[in-house]
Every structure is written in C-alpha cells, then in structure tokens.
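Asks: Below you'll find the structure I mean.
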C-alpha cells in the first residue's frame, strides 16, 4: 500500500509540475505584437564584458560598443534582431508559437553560439526571458533575465543575474541601450 501511495504522489506531482511548466510563460499574439512594437529600431550600448565569448576580441572587464537592429519581417510574423559587438555578429529571430501560446527566440552567432528561448510579458513595458544554448566547442550556455523599455521608448535595459557559459560560473550583467533610430 505504501508503494502505491508513493507512486500516486509521484504521478500527481509529475503531472502538476509538467502542466505548470507548460502554462507558466504563456503569451498572446497581442503581447507579441506589442513586444515587436517596443523593440523595433536601432539601438546602441556601451557594455562591460562579463562573459568572454569565443572570438569576442575583448577581455573580461573591457567595455565594448554593442549595436542591435530590430525589425519586423515576413509581414510581422517574425522580429529579427541583428547584433554586432566586438568581433561577433549575432542574429536572433522571435516568433509567436500559437500551438504553445509562447513568444520564442532562436539565435546564432558568427562565433558558433546558438540559443533557443522563451520571452513573456511581465508588465506593460517589461518582458522576462529564459535562454539555453551552446557553442561550437561543446560548451553549454544558459541565461535568464528582464528586458524593459522606457515609457517614452527611447531606452531599453537587459538585466541578467545568471548568465552561464560552460563551467565558468554565473555572471551578472546590465546593458542600457539608447534608441538611435526607428
């Protein structure tokens, strides 16, 4: 009887946890459209290097200029962001996954970096994200944080407290972007 009770508890917890994870970060098509509207444009930031990516060309603690260009494509079905910082070019596409009611991201970098992630709205001008990925050399990568835009749309900030590349430990970062064109 004790074994049956343990199996029943495990079954309930497993199904509850799976259902909770599946619904935890739901988004609507309207939230995706709002995300695109807030992010579109050309942005620039001066950021301190907290994670040394392969082929970056900078050391930890150096400051680099990071350009990010966001634009809608395919009749608004995707948001494409092209990034340039250090010696790296990097592209991320965002789309709305209607099957799972999620905003998804997929990124690739010229240094062999790749990521897959989920973005969800937490308030009017704030979105949380969770990413997992890796490098061509087999190192894994994960990060989560908050992206927020100012009310006037002239600034956006990305804050992360747990970016991890391989066994290098977790790094905190905050990038403050300024819009330089629409």
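Numbering (our numbering), first residue to last: 273 to 454. The beta-carbon is built from N, C-alpha and C at its ideal position, and this holds for glycine as well.
Quick check on residue 335: buried or exposed, where buried means 16 or more other Cβ atoms within 10 Å of its Cβ?
Replies: With fewer than 16 Cβ atoms within 10 Å of its Cβ, residue 335 is classed as exposed.
Asks: So residue 398 is in the beta strand (DSSP E); what residue range does that whole segment cover?
Replies: Residues 398 to 406.
Asks: Please report the straight-line C-alpha distance between residue 377 and residue 433, rounded to a whole angstrom.
Replies: Going by the C-alpha atoms only, they are around 19 Å apart.
Asks: Would you report the Cα separation of residue 303 and residue 397, rounded to the nearest angstrom?
Replies: For residue 303 and residue 397, the distance between alpha carbons rounds to 11 Å.
Asks: Across the stretch 445 to 453 and the stretch 421 to 429, are there enough close Cβ pairs to call them in contact, namely three or more that are closer than 8 Å?
Replies: Cβ pair count under 8 Å is three or more, so yes.
Asks: Using only alpha-carbon positions, find the residue among 372, 356, 310 that is nearest to residue 455.
Replies: In the structure as shown, the chain starts at 273 and stops at 454, and residue 455 therefore has no counterpart that could be examined.
Asks: Can you give the Cα-Cα distance for residue 338 and residue 407, rounded to whole angstroms?
Replies: Looking at the two C-alpha atoms, the distance is approximately 20 Å.
Asks: Under 8 Å between the Cβ atoms of residue 352 and residue 375?
Replies: It is not a contact, given that the beta carbons lie outside the stated cut-off.
Asks: Pick helix, strand or coil for residue 413, following the three-state DSSP scheme.
Replies: If DSSP states are grouped into helix, strand and coil, residue 413 belongs with the strands.
Asks: In the DSSP output, which residue or residues are listed as bridge partners for residue 318?
Replies: In DSSP, residue 318 forms a bridge with 337.
Asks: Give the DSSP bridge partners of residue 310, in chain order.
Replies: Residue 310 pairs with nothing; no bridge assigned.
Asks: Mind reading off the beta-carbon distance from residue 405 to residue 386? Whole number of angstroms is fine, and I expect it under 8 Å.
Replies: So it is a contact: roughly 5 Å between Cβ atoms.
Asks: Just list the residues that DSSP pairs residue 379 with in beta bridges.
Replies: BP columns for residue 379 point to 364, 387.
Asks: Going by DSSP, which residues form a beta bridge with residue 434?
Replies: Partner(s): none; residue 434 has no beta bridge.
Asks: Counting only the same chain and skipping the five closest in sequence on each side, list residues whose C-beta sits under 7 Å from that of residue 402.
Replies: So the list reads 389, 390, 416, once near-sequence residues are dropped.
Asks: Taking residue 355 as part of the beta strand (DSSP E), name the residues at either end of that continuous run.
Replies: That run of the beta strand (DSSP E) goes 350 to 357.
Asks: Compare the Cα-Cα distances from residue 451 to each of 306, 365, 317, 366 and report the closest residue.
Replies: Cα-wise, what sits closest to residue 451 is 317.
Asks: How would you call residue 423, buried or exposed, if buried means at least 16 neighbouring beta carbons within 10 angstroms?
Replies: So residue 423 counts as exposed.
Asks: Since residue 428 sits in a beta bridge, which residues does DSSP pair it with?
Replies: For residue 428, which the question treats as bridged, DSSP gives the partners 421, 449.
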